[in-house]
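Everything below concerns the one structure shown next.
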Amino acid sequence: MQRVVLLLAAALLMTAQSASAQTLKTVKERGTLICGVSQGLPGFSNPDDKGNWTGLDVDLCRAIAAAIFNDPSKVKFTGLSAKDRFTALQSGEIDVLSRNSTWTLSRDSSLGLNFAGVNYYDGQGFMVRKALKVNSALELNGASVCTQTGTTTELNLADYFRAHKMKYEVTAFATADETVKAYDSGRCDVFTTDVSQLYSEKLKLANQNDHVILPEIISKEPLGPVVRHGDDQWFDIVKWTLFAMLNAEELGISKSTLDEAMKSEKPDVRRFVGTEGNYGEQLGLTKDWAARIVRHVGNYGESFERNVGTGSRLGIARGLNNLWNNGGIQYAPPIR
Amino acid sequence: MSVAYLRRAMAEPEPPPVASHGVWARTRERLFSGPFNIALTVVSAIVIAAVAIPLLRFLVIDAVWDGASRVDCLTETVGRPVGACWPFIGAKFTQLVYGFYPWGQHWRVDLTFVLGAVLLVPLLIPRVPWKLANAILFFGVYPIVAFYLLVGGRFGLDHVETRSWGGLLVTLVVAGTGIVVSLPLGILLALGRRSQMPIVHSLSVVFIEFWRGVPLITILFFSSYMLPLFLPGTWTLDALLRVLIGTALFASAYMAEVVRAGLQAIPRGQIEAGQAIGLGYWRIMGLIVMPQALRLVIPGIVNTFIGLFKDTTLVLIVAIFDFLGQMRAAFADPNWATPNTLFTGFAFAGIVYFLFCFGMSRYSLFVERWLKRGR
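Which chain is which? The protein sequence lines are G and R, in order.
Be aware that the first sequence starts at 184, since it is given in this note's numbering, and climbs by one per residue.
Be aware that the second sequence starts at 6, since it is given in this note's numbering, and climbs by one per residue.
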């Protein structure tokens, strides 16, 4: 009996493996990419008034679709909760997960997933009232802090204050919305969560100009797209789609300058847009794969500014997410 | 002997004392008839005022009615304390009704709604004739028509994946399917559970206890993510269909127990009387037992329906955006994030759900009264 069960399990696994080892083929046959996003996270993935998904994470999915189909609209989005996002990826419901998921060792290994890079370096930060005249998190000794229960936020907070020998008083709430309301009504001096969220929650405060986000970032939250184990080609495609967006910014290729770039004589630009070499074909795509991404979605900087940066309601500064040669840590390997 | 005084005309009736009729007397009688009642009235009035006045201020008086983005709903722009931000609902209304259903195809959803209403309303009004034909149209033909209208792919209609459905459409489809499937299936299960046949009996018991013993969230999660792992590779079931089956079976198990309660209230003598005049099992059940049993458990049935309608909000956890899920997604739009967006959205959702549930509840009261006329 046990033998039978084991055999069955092995058979199931094998079918699952062989099915997942050809994601690109499946996607091409289906004619659309299925992309897992959040159920609504400002600036990263949220539906606009017309019901179109927009955001930084959404743009990555559109870029993958642009690279494969030369059409950024050939994506279907599935809004996943934090609980079911990895299950949905493992079970094959989605082809790629682009849902502000933090890259950690246990997720990368034991969950059977691969993180294909980092499209947003997030980290925990602090928001305070301007009236407190605090300029640094190190001046927060004795402060009362509002935070959400049961998240790593609480642990990071404890570590940070202990390491700097500061006292604090924590008031924790079950949901993000409660936490914001409590902070807004003055129940605590400080509100802490991931910086990207601080910016979006700031929009919900009664007088958003009375608040300031402190420069310190006390934790590492690298967010990036995720694929299943067992399909290296697909892993490469997702990874290099992100790298292509970063490289485009570094090379100065944007939506508006793409036409010039296509005629460029510079070797690195020629390799990027596919007028030289067959780099796209090595990925299983076409020569102009990277040019398609820029034409339909734009480079990383454009996508950042449009969705979360100064061109959006959120107004998040580039910071760590600037390119490596601009003071940030976004760095993509070269295309050659 | 003469009578000293004989009244010849009837005395004019005096009007009743002021204290016993009219609005004032009724108020006094009901609200201020003793120290305890006076205290109770005063306390209630304070509570009502404390709730109703701020609510009215928020929803109507201080509310913003026009605007194009979050800026129009901010205190600093409007220059006074603001309440509900109704333009937010206006901007998201299409999404709340149709979800991500493609623009330009919305008429298909509208037509489905209208057809449903046109067939359902006469079915609900007892006086309207041709009940049988109407029922066949609504329960037999309408689901097929609605399926082809909404899914498409035939008759020149574009195929629309259920993945793009959402909003009120999904809420109504899930609740509607659940309601329409659970009643007949529940009746069969209840009969099965009371059956003398051991296999039918034990299967029904196992089915009912299994589905009642597992939380709906678990069922949804299992059917959405675990089931595909067990099915052979080429076999795929539509995500929404999986959820529909899950909720319908779940509701059926509850319905079975409600119906069983009604069956138990019918004395055994009635069945025996039926047998004595030579009726078979199905005729006894259909003509004698069920009509009485169902009449008894109308409140329970409607209770299950209302519960099911509200349980549909759980489908969000398996990535299907029902009305409330679509609302939550709308909250994430930075273009509309204001201090009051959340309250506005939930207030609107509350009103919508209340209208549906209150409607069902009122209709069930009407049916109960209508059925009691004969007694």
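Note that CB positions come from ideal geometry on N, CA and C, so glycine has one too.
Taking the Cα of N324/G as reference, the smallest distance to any Cα among Q307/G, D372/G and W286/G is reached at D372/G.
The Cβ of L224/G sits closer than 8 Å to at least one Cβ of chain R.
Between the C-alpha atoms of V294/R and E262/R there is a straight-line separation of about 16 Å. Contacts between S264/G and chain R, judged by CB atoms closer than 8 Å, involve L321, I322 and A324 in chain order. S447/G and D71/R have their C-alpha atoms spaced approximately 50 Å apart.
Following the DSSP letters along the chain, one finds I217/G inside the beta strand (DSSP E) bounded by residues L216 to S221. Under the Cβ distance rule, R85/R does not count among the residues neighbouring chain G, no pair being separated by less than 8 Å. In this structure, A473/G sits near A431/G, with a CB-CB distance shorter than 8 Å. Per DSSP, the continuous alpha helix (DSSP H) segment holding H111/R begins and ends at H111 to L129. Contact of K257/G with chain R is not assigned, every C-beta pair being separated by 8 Å or more.
Annotated three-state conformation of G308/G is strand, per DSSP. A residue is called buried once 16 or more other Cβ atoms fall within 10 Å of its Cβ, and G171/R is buried on that count.
Chain-order list of chain G residues neighbouring G330/R: Q222 and G262, by C-beta distance under 8 Å.
Assignment of Q331/G by DSSP, reduced to helix, strand and coil, places it in the strand class. Sequence-distant Cβ neighbours of S383/G in its own chain, meaning closer than 7 Å and more than five residues away, are P225, G226 and L497. In chain R, no part has a C-beta under 9 Å from the C-beta of E485/G; the shortest such distance is about 18 Å.
Inside the region 411–484 of chain G, DSSP marks whole alpha helix (DSSP H) runs of 4 or more residues at positions 415–433, 441–446, 450–456, 462–465 and 472–479, from first to last along the chain. According to the DSSP assignment, A281/R belongs to the alpha helix (DSSP H) that extends over R273 to A281. Contact annotation, V114/R with Y103/R: C-beta distance approximately 5 Å; criterion of less than 8 Å satisfied.
Apart from sequence neighbours up to five positions away, the residues of its chain that approach V185/R with a beta-carbon distance below 7 Å are F144, ordered along the chain. Runs of the alpha helix (DSSP H) spanning 4 or more residues and lying entirely within the region 207–292 of chain G occur at 239–252, 268–273 and 288–292, in chain order.
About 16 Å separates the Cβ atoms of T335/G and F356/G, ruling out a contact at the 8 Å cut-off. Taking 8 Å as the Cβ-Cβ cut-off, the region 302–334 of chain G has no residue approaching chain R. Between L232/R and A278/R, the alpha-carbon positions lie close to 48 Å from each other.
Secondary structure in the region 314–372 of chain G: the beta strand (DSSP E) runs of 3 residues or longer, each lying completely within the stretch, are 326–331 and 351–356 in chain order.
Here the alpha carbon of Y106/R sits roughly 49 Å from the alpha carbon of Y351/G. R312/G is positioned such that its CB atom lies closer than 8 Å to that of D393/G. Taking a contact as a CB-CB distance under 8 Å, the pair M332/R and A354/R counts as one, their CB atoms being some 5 Å apart. Residues of chain G whose Cβ lies closer than 8 Å to the Cβ of R75/R are, in chain order, L386 and R496.
Nearest to D267/G by C-alpha distance, out of P127/R, P21/R and A324/R, is A324/R.
Under DSSP, E404/G takes part in a beta bridge, and its partners are D305/G. The criterion of a C-beta distance shorter than 8 Å is satisfied by D291/G and N297/G. T375/G sits close to V328/G, with the two beta carbons spaced by under 8 Å.
In the three-state DSSP reduction, H206/R falls in the helix class (H, G or I).
In this structure, the CA atom of A253/R is about 36 Å from the CA atom of G238/G. Minimum Cα-Cα distance from A314/G among the listed residues N390/G, F344/G and G295/G corresponds to N390/G.
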